[in-house]
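These notes concern the structure reproduced below.
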Amino acid sequence: MSTETLGFQAEVKQLLHLMIHSLYSNKEIFLRELVSNASDALDKLRFESIANAELAEGAGEPQITVSFDKAAKTVTIADNGIGMSREEAIAHLGTIAKSGTKEFFSKLSGDQQKDAALIGQFGVGFYSSFIVAHKVTVLTRRAGTAFNVATRWESTGEGDFTVEPAEKQSPGTEITLHLRDDDLEFADRWRLSSIIKKYSDHVGFPIRMKKQEWDKDAGEYKLLDEWETVNQAASLWTRSKSDITDEQYTEFYKSLAHDMQAPLAWTHNRVEGRSEYTQLLYLPAKAPFDLWDRDRPAGVKLYVKRVFIMDDAKELMPVYLRFVRGVIDSQDLPLNVSREILQESRDVRAIREGSTKRVLSMLEDLAENRKDDYAGFWKEFGQVLKEGLGEDFANQERIAKLLRFASTSADEQTVSLADYVSRMKEGQEAVYYITADSLAAAKASPHLEIFRKKGIEVLLLTDRIDEWMLSHLNEFDGKPLASVAKGGVDLGKLEDEEEKKAREETAEQFKELIEGVKKVLGERVKDVRTTSRLTDSPACLVVDEHEMSANLQRLLKQAGQKAPDVKPILEINPTHPLVSRMKADSARIEDLSHVLLDNALLAEGGNLEDPSAYVARINKLLLELGA
Numbered sequence: 007m008s009t010e011t012l013g014f015q016a017e018v019k020q021l022l023h024l025m026i027h028s029l030y031s032n033k034e035i036f037l038r039e040l041v042s043n044a045s046d047a048l049d050k051l052r053f054e055s056i057a058n059a060e061l062a063e064g065a066g067e068p069q070i071t072v073s074f075d076k077a078a079k080t081v082t083i084a085d086n087g088i089g090m091s092r093e094e095a096i097a098h099l100g101t102i103a104k105s106g107t108k109e110f111f112s113k114l115s116g117d118q119q120k121d122a123a124l125i126g127q128f129g130v131g132f133y134s135s136f137i138v139a140h141k142v143t144v145l146t147r148r149a150g151t152a153f154n155v156a157t158r159w160e161s162t163g164e165g166d167f168t169v170e171p172a173e174k175q176s177p178g179t180e181i182t183l184h185l186r187d188d189d190l191e192f193a194d195r196w197r198l199s200s201i202i203k204k205y206s207d208h209v210g211f212p213i214r215m216k217k218q219e220w221d222k223d224a225g226e227y228k229l230l231d232e233w234e235t236v237n238q239a240a241s242l243w244t245r246s247k248s249d250i251t252d253e254q255y256t257e258f259y260k261s262l263a264h265d266m267q268a269p270l271a272w273t274h275n276r277v278e279g280r281s282e283y284t285q286l287l288y289l290p291a292k293a294p295f296d297l298w299d300r301d302r303p304a305g306v307k308l309y310v311k312r313v314f315i316m317d318d319a320k321e322l323m324p325v326y327l328r329f330v331r332g333v334i335d336s337q338d339l340p341l342n343v344s345r346e347i348l349q350e351s352r353d354v355r356a357i358r359e360g361s362t363k364r365v366l367s368m369l370e371d372l373a374e375n376r377k378d379d380y381a382g383f384w385k386e387f388g389q390v391l392k393e394g395l396g397e398d399f400a401n402q403e404r405i406a407k408l409l410r411f412a413s414t415s416a417d418e419q420t421v422s423l424a425d426y427v428s429r430m431k432e433g434q435e436a437v438y439y440i441t442a443d444s445l446a447a448a449k450a451s452p453h454l455e456i457f458r459k460k461g462i463e464v465l466l467l468t469d470r471i472d473e474w475m476l477s478h479l480n481e482f483d484g485k486p487l488a489s490v491a492k493g494g495v496d497l498g499k500l501e502d503e504e505e506k507k508a509r510e511e512t513a514e515q516f517k518e519l520i521e522g523v524k525k526v527l528g529e530r531v532k533d534v535r536t537t538s539r540l541t542d543s544p545a546c547l548v549v550d551e552h553e554m555s556a557n558l559q560r561l562l563k564q565a566g567q568k569a570p571d572v573k574p575i576l577e578i579n580p581t582h583p584l585v586s587r588m589k590a591d592s593a594r595i596e597d598l599s600h601v602l603l604d605n606a607l608l609a610e611g612g613n614l615e616d617p618s619a620y621v622a623r624i625n626k627l628l629l630e631l632g633a
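Numbered as in the working numbering, the sequence shown ends at 633 without a single skipped number.
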């Protein structure tokens, strides 16, 4: 086949411009990314060789080599992994197939350190070559093909690239960077080896460089023809915990997750018994941009007997823990493991259950001993963890203890259910909560008035997932969860007999008014009654205890879903002057009844069905008041 000149995908052109012109303060990451890609290529060859042993013939010991030529101003990274065919070189090096390219650009902040951290996360690591190179040459040969079926790919990063036939004696890929004059510091053994130790020491394949010695006559270092390994060359998780420093654990995480921030915590264990496996699991400090996409590829890396199998073995970790990063290396699964086996295997279920418990233990330790760090975790991942209440019934109690909420006693989401129960007043029988669109709306709700008066704490639930969560969380520590906006308020022992008697007498006194308001409002409400939950507001809306809350109805409508037609109950505060005036002035009962209902609807964040009618009534009442 002849030489072809092809254009880069539009997103690649944007990316190359960014690499060349913006990330100049973090240049060394190019080596981290290219070594990581080489390691992946070796993993893929080892995996494909399980089914086709001929692919590995003649490849030799798996390794990565890093070399340089000061005179030629080049750095070369080579591997004897799976390699690429001509078509694969065009596809992999000329386009970005991974979804999320737009999100990549939208996440750029202008902070070079942070922006550089995104490169590997979005699968665009190869293009970091152009941070230091004015030209990149790739010589590659797919494993299992003849020496003369290789491909040479070359580009200056200016919008197009060329591909042409070539010869290569061994399978694999060789990437040569033609350094810019400003970046000749990388044509240096000490500089390259220090970057490898910093970022790639954990890579499970030997990374080799030529030795060098001091030449007294020339007054400079001279490279020898002898190669030496410059990294640990042992998968981190296979080593003893006592031999691994916190810094090494942290650097491994950064490479694994393509995250420049240190993890919050990790757990490293060898599990023996019915299933034998090693797990190294991390809790990130920050959420990825696509955390809420439940269908995105997520999960830990799976190895079997140290052979890489897949990147996102989501069957080994429940969906609600999709933020966890790490590695699981099993001794029991077959090397040719498939997705179907992962879904059906008893060993996989055992690994999943064991790993889930380890993660929950990490979270419990964080919540108990590092409260500030747990607060940071909760801010990033709390809403996702709540999904576990409906997905993991075996661990529901443990998850419930990890939940954090704001309350009438704390604006931040720092209150645990155990904290709440420990502060319950003598005689209080339920854990009270309210759901709302925002913290401000929750705090301003009239439903809280009687609870504030009596000093009863109420949890303020403002996350969208809270309504769904409550359908799976009915009680905690034997105490039922009760909404302050549902059903009638029964404060039980917190309400004395005099209060109960006064409430009953008031209801009797306002019986005629209640019937009049009910007649006026008709189908707009399910019922009208006097209330004991209000102290300052004239009215509020509630629903029956087992009906859908008004907040959930609004959320469903906002999402374009059909919500059931649940008519509210209007509760009237007989001690409020406006209600007293209604009782004394029956002539205005129609307008005042509708205004009372609409005001109550607005107070809880609802939308009026007929705003113009509401405005007309308000104007009418104002004019009458002025007269």
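Heads up, the beta-carbon is just placed ideally off N, CA and C, and yes, glycines get one too.
Fair warning: this is a prediction, and the values are worked out from it, not measured in the lab.
{"Asked": "DSSP-derived helix/strand/coil call for G178", "Found": "strand"}
{"Asked": "Proximity winner among L561, L603 and P269, relative to K573 (alpha-carbon distances)", "Found": "L603"}
{"Asked": "Spatial distance of V437 from L409 (CA atoms)", "Found": "14 Å"}
{"Asked": "Nearest candidate by alpha-carbon position, reference L22, set R530, A62, H140 and K79", "Found": "H140"}
{"Asked": "Those runs of the alpha helix (DSSP H) which lie wholly inside the region 428-514 and span at least 4 residues", "Found": "445-449, 455-459 and 472-476"}
{"Asked": "Helix, strand or coil at M554 according to DSSP, with G and I counted as helix", "Found": "coil"}
{"Asked": "Cβ pair G612, R560 closer than 8 Å", "Found": "yes"}
{"Asked": "Beta-carbon separation (whole angstroms), E321 vs R358, contact threshold 8 Å", "Found": "7 Å"}
{"Asked": "Buried/exposed call for K228, threshold 16 Cβ in 10 Å", "Found": "exposed"}
{"Asked": "Spatial distance of T11 from K307 (CA atoms)", "Found": "37 Å"}
{"Asked": "F128 versus D378: straight-line alpha-carbon distance, rounded", "Found": "Legend: pLDDT at F128 = 47, less than 50; position of this residue unreliable, value from coordinates given subsequently. Roughly 30 Å between the two C-alpha positions."}
{"Asked": "Residues of its chain near W384, where Cβ-Cβ distance is below 7 Å and the 5 sequence neighbours each way are ignored", "Found": "R410 and Q419"}
{"Asked": "Where the alpha helix (DSSP H) containing V585 begins and where it ends", "Found": "P583 to A590"}
{"Asked": "Under 8 Å between C-beta atoms of S206 and N86", "Found": "no"}
{"Asked": "For N605, the first and last residue of its enclosing alpha helix (DSSP H)", "Found": "I595 to A609"}
{"Asked": "Pairwise C-alpha distance: N625 and A619", "Found": "10 Å"}
{"Asked": "Where T284 falls, given that 16 or more other Cβ within 10 Å makes a residue buried", "Found": "buried"}
{"Asked": "Cβ shell of L190 (< 8 Å), same chain only, five flanking positions each side left out", "Found": "K76 and K79"}
{"Asked": "Where I250 falls: helix, strand or coil (DSSP)", "Found": "coil"}
{"Asked": "Per DSSP, the bridge partner or partners of A545", "Found": "I578"}
{"Asked": "Selection from T541, P340, L558 and A400 that minimises the alpha carbon distance to V549", "Found": "L558"}
{"Asked": "Bounding residues of the beta strand (DSSP E) (the contiguous stretch that carries A271)", "Found": "A271 to V277"}
{"Asked": "Distance, E17 Cα to S105 Cα", "Found": "The predicted model places S105 with a pLDDT of 41, which falls under 50 and marks its position as unreliable; any figure quoted below should be read in that light. Cα-Cα distance, rounded: 11 Å."}
{"Asked": "The region 446-465 contacting the region 383-399, beta-carbon criterion three pairs below 8 Å", "Found": "no"}
{"Asked": "First through last residue of the alpha helix (DSSP H) which encompasses H208", "Found": "It is not in any alpha helix (DSSP H) - H208 carries neither H nor E in the DSSP assignment."}
{"Asked": "Integer Cβ distance of A356 from R280, believed to fall under 8 Å", "Found": "6 Å"}
{"Asked": "Nonlocal neighbours in the same chain, by C-beta distance under 8 Å from N605, ignoring five residues either side", "Found": "P544 and A545"}
{"Asked": "Buried or exposed (CB count within 10 angstroms, at least 16 for buried), G126", "Found": "Since pLDDT at G126 reaches only 49, below the 50 mark, its modelled position is unreliable, and the value read off the structure follows with that caveat. The residue is buried, with at least 16 neighbouring Cβ atoms inside 10 Å."}
{"Asked": "Any chain B beta carbon closer than 8 Å to E504", "Found": "Among the chains of the structure shown, chain B does not appear; only one protein chain is present."}
{"Asked": "Identity of the residues DSSP links to T536 by a beta bridge", "Found": "I578"}
{"Asked": "Assigned exposure category for R352 - 16 Cβ within 10 Å defines buried", "Found": "exposed"}
{"Asked": "Close-in-space but distant-in-sequence residues of the same chain around L479 (CB under 7 Å, 5 per side omitted)", "Found": "L395, A406 and L487"}
{"Asked": "Residue ranges of each beta strand (DSSP E) within the region 123-170, 3 or longer", "Found": "139-147 and 156-161"}
{"Asked": "Test item: CB-CB of R328 and P290 under 8 Å", "Found": "no"}
{"Asked": "Run of the beta strand (DSSP E) containing Q285, from where it starts to where it stops", "Found": "Y283 to L289"}
{"Asked": "Per DSSP, cross-strand counterpart(s) of H184", "Found": "T80 and K141"}
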